[in-house]
Amino acid sequence: LGGESSERKFHKISVIASEDGKESEVPLDIHIKDVNDNAPVFTQPIYTATIKEDIPFGHTILTGKLNYMQAEDKDQNENGRIKYSLDDNNFTINDQGEISARSRLDADQNRERFFIYRFNVTATDCGDPPLSSNAVVHIRTENSNDEAPIFIPNGTYHAFVAEDAQSGTPVVQIQAIDPDRDQVFYAFLLPNGEEASTTQLFEIDRDTGLIRLGTKVKSEDLLHEQSPYNLTVVARDDGSCCGGDASEIHMQTASVIIDIADVNNNKPEFRNCDTYSSIAKIEEGDYKTNAPVILKVVATDEDSPPNGEIVYSLYYSQSESRKPFIINSETGELRPSPFVRFDREERAQEEVTVKATDKGERPLIGFCQFTVQVLDVNDNAPQFDRAFYETSISRSVDVG
88 LGGESSERKF HKISVIASED GKESEVPLDI HIKDVNDNAP VFTQPIYTAT
138 IKEDIPFGHT ILTGKLNYMQ AEDKDQNENG RIKYSLDDNN FTINDQGEIS
188 ARSRLDADQN RERFFIYRFN VTATDCGDPP LSSNAVVHIR TENSNDEAPI
238 FIPNGTYHAF VAEDAQSGTP VVQIQAIDPD RDQVFYAFLL PNGEEASTTQ
288 LFEIDRDTGL IRLGTKVKSE DLLHEQSPYN LTVVARDDGS CCGGDASEIH
338 MQTASVIIDI ADVNNNKPEF RNCDTYSSIA KIEEGDYKTN APVILKVVAT
388 DEDSPPNGEI VYSLYYSQSE SRKPFIINSE TGELRPSPFV RFDREERAQE
438 EVTVKATDKG ERPLIGFCQF TVQVLDVNDN APQFDRAFYE TSISRSVDVG
């Protein structure tokens, strides 16, 4: 007995009872009650569709008689009512079997110009217990120029260029990729909003993104006072991935910060060295404690730190054992050594050579030579050249 839609659900018969040639007839109506014994059946095992990756959310993907997501169930009423579900969160399906995009689709996942989403759709009836069946869906998403270039590793670049760099020196390589695999072109974005391949000091390769010093730049043009130089680079795609026009062109910007790196090309200089001899003085004596500052020497270095930082020391020849002074390596303060006695009667002046060394990777040195005057102190009583003197004079010598 079948209760499906294509079969009879109601039977009308007559029941006849006979005995001894007598009979009696009774009409009998039989209604066939449906049992959920048929699972839903899809009209085809695999459904396919081709769409653009930028299809709007909620837009039906599978439509039309041939690729419409449809299943049939021969049972009746709740046993034959079908609900649909699928196992891919990128899509949704309604009670009519219409599939649409739930999230943004991406055709660029495998670095190809298309990506095929493969998932299962389940049709389940509302019987008790419910029965179900599955079908496979393949949705081919084709690339569309819907994404802007992306800078690698991020949108901020830091670079250094030596202050003595020559024109054409490479500074930094800018790189951007386009998820849609378009060709990317580079330019500087000027403050007035225009794009250009050159600025006053730098130029950028349109195809590679390599930033160099301009062809006419001289080392004296690279001023520390204006460092760092802040540039804005724009990367544009060309829409070539999908045959797009100018309206589909996308762009992205990045910041490029270029510092002028100091080169240790200036040695320390004692600009007042010729004045030190006239002002450097010390009283004779010894200074085992509380040694006074004789002089504070000052050297300057026009390089930037650490190349311009200075360490002071005293220079003595290898044959010279007498070392009458000490110097503070940081401040340049010159003091008498506690191990030397100064005596003007023996040395009226002392020769000094101060060395200033910068902290560059290859240090440069400056020297300053001057004399320290030893001042006399009343530390010697008068002395006769002998203890006894004897002479004779004439009695007739006048007084005085």
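The opening residue of the sequence shown carries number 88 in the working numbering; numbering runs sequentially from there.
The beta carbon of each residue, even a glycine, is placed where N, CA and C say it ideally should be.
Every value quoted in this text rests on a predicted model; they were computed, and no experiment measured them.
Next item on the list: State the DSSP-derived secondary structure class of residue 453, mapped to helix, strand or coil.
Entry: strand
Checklist line | One or two residues paired with residue 340 in a DSSP bridge | finding: 321
Next item on the list: Decide if the segment 335-344 is in contact with the segment 307-324; the criterion is three or more beta carbon pairs, one per stretch, under 8 Å apart.
Entry: yes
Notebook entry, point to check: How long is the line joining the alpha carbons of residue 229 and residue 267, rounded to whole angstroms?
Noted result: Their backbone Cα atoms lie some 10 Å apart in a straight line.
Notebook entry, point to check: Where do the ends of the alpha helix (DSSP H) carrying residue 361 lie?
Noted result: 360-366
Notebook entry, point to check: When we look at the beta-carbon of residue 299 and count the other beta-carbons within 10 Å, is it buried (16 or more) or exposed?
Noted result: buried
Next item on the list: Tell me where the beta strand (DSSP E) around residue 290 begins and ends.
Entry: 289-291
Check: How is residue 154 classed by DSSP in three states: helix, strand or coil?
Finding: With a pLDDT of only 40 at residue 154, under the threshold of 50, the placement of this residue in the model should not be trusted, and no figure is reported.
Notebook entry, point to check: Who are the Cβ neighbours of residue 395 in its own chain at under 6 Å, not counting the five residues just before and after it?
Noted result: 388
Notebook entry, point to check: Nearest-angstrom Cα distance between residue 463 and residue 480?
Noted result: 40 Å
Item checked: Separation of residue 355 from residue 413, as counted between CA atoms -> 20 Å
Check: I think residue 385 touches residue 446, with their Cβ atoms under 8 Å apart; what is that distance to the nearest whole Å?
Finding: With 8 Å as the limit, residue 385 and residue 446 do not qualify as a contact, their Cβ atoms being about 17 Å apart.
Margin query: By the DSSP assignment, the beta strand (DSSP E) with residue 178 in it spans what residues?
Written below: 178-180
Check: Between 306, 223 and 217, which lies nearest to residue 249 when the distance is taken from Cα to Cα?
Finding: 306
Note to self: Rounding to the nearest angstrom, what Cα-Cα distance links residue 177 and residue 328 in this structure?
What the structure shows: 24 Å
Check: Does the beta-carbon of residue 152 have 16 or more other beta-carbons within 10 angstroms, so that it is buried, or is it exposed?
Finding: With a pLDDT of 36 at residue 152, under the threshold of 50, the predicted position of this residue should be treated as unreliable, and no value is reported.
Note to self: Just to confirm before moving on: does the CB-CB distance between residue 100 and residue 115 stay below 8 Å?
What the structure shows: yes
Next item on the list: Within 10 angstroms of the Cβ of residue 128, are there 16 or more other Cβ atoms? Answer buried if so, exposed if not.
Entry: exposed
Check: Can you tell which of 372, 234, 241 and 208 has the C-alpha that lies nearest to the C-alpha of residue 226?
Finding: 208
Notebook entry, point to check: Applying the criterion that 16 or more other CB atoms from any shown protein chain within 10 Å of the CB defines a buried residue, is residue 443 buried or exposed?
Noted result: buried
Notebook entry, point to check: What are the uninterrupted segments assigned as beta strand (DSSP E) that are 3 or more residues long and contained completely in the segment 126-154, given in chain order?
Noted result: 133-139
Notebook entry, point to check: Nearest-angstrom Cα distance between residue 295 and residue 255?
Noted result: Rounded to the nearest whole angstrom, the CA to CA distance from residue 295 to residue 255 is 15 Å.
Checklist line | CA-to-CA distance, residue 292 to residue 382, given in whole angstroms | finding: Their Cα atoms are separated by approximately 57 Å.
Item checked: Nearest-angstrom Cβ-Cβ length linking residue 245 and residue 369, presumed shorter than 8 Å -> Residue 245 to residue 369, Cβ: 52 Å. No contact.
Notebook entry, point to check: Based on the DSSP output, what are the partners of residue 101 in its beta bridges?
Noted result: 114
Checklist line | Residues of its chain near residue 434, where Cβ-Cβ distance is below 7 Å and the 5 sequence neighbours each way are ignored | finding: 461
Check: What are the boundary residues of the beta strand (DSSP E) that residue 262 is part of?
Finding: Residue 262 -> beta strand (DSSP E) spans 262-264.
Margin query: Rounded to the nearest angstrom, what separates residue 360 and residue 418 at their Cα positions?
Written below: 16 Å
Note to self: Buried or exposed for residue 326, going by 16 or more other Cβ atoms inside 10 Å?
What the structure shows: buried
Check: Helix, strand or coil: which one does DSSP assign to residue 471?
Finding: coil
Check: Over what stretch of residues does the beta strand (DSSP E) that includes residue 279 continue unbroken?
Finding: No beta strand (DSSP E) holds residue 279; DSSP gives it neither H nor E.
Item checked: Continuous beta strand (DSSP E) assignments of at least 3 residues falling wholly in the segment 392-458 -> 397-401, 412-414, 420-423 and 436-445
Notebook entry, point to check: Could you give the distance in angstroms between the alpha-carbon of residue 179 and the alpha-carbon of residue 219?
Noted result: Roughly 18 Å between the two C-alpha positions.
Margin query: I'd like to confirm something about residue 380: is its beta-carbon nearer than 7 Å to some heavy atom of the ligand PLP, or not?
Written below: By its list of ligands, the structure shown contains no ligand whatsoever, and the ligand PLP lies outside what it can speak to.
Check: Near residue 269, what residues of its chain come up, given a Cβ to Cβ distance below 7 Å and the 5 sequence neighbours on each side ignored?
Finding: 232, 324, 325, 326, 327 and 328
Check: If you draw a straight line from the alpha carbon of residue 373 to that of residue 422, how long is it in whole angstroms?
Finding: 12 Å
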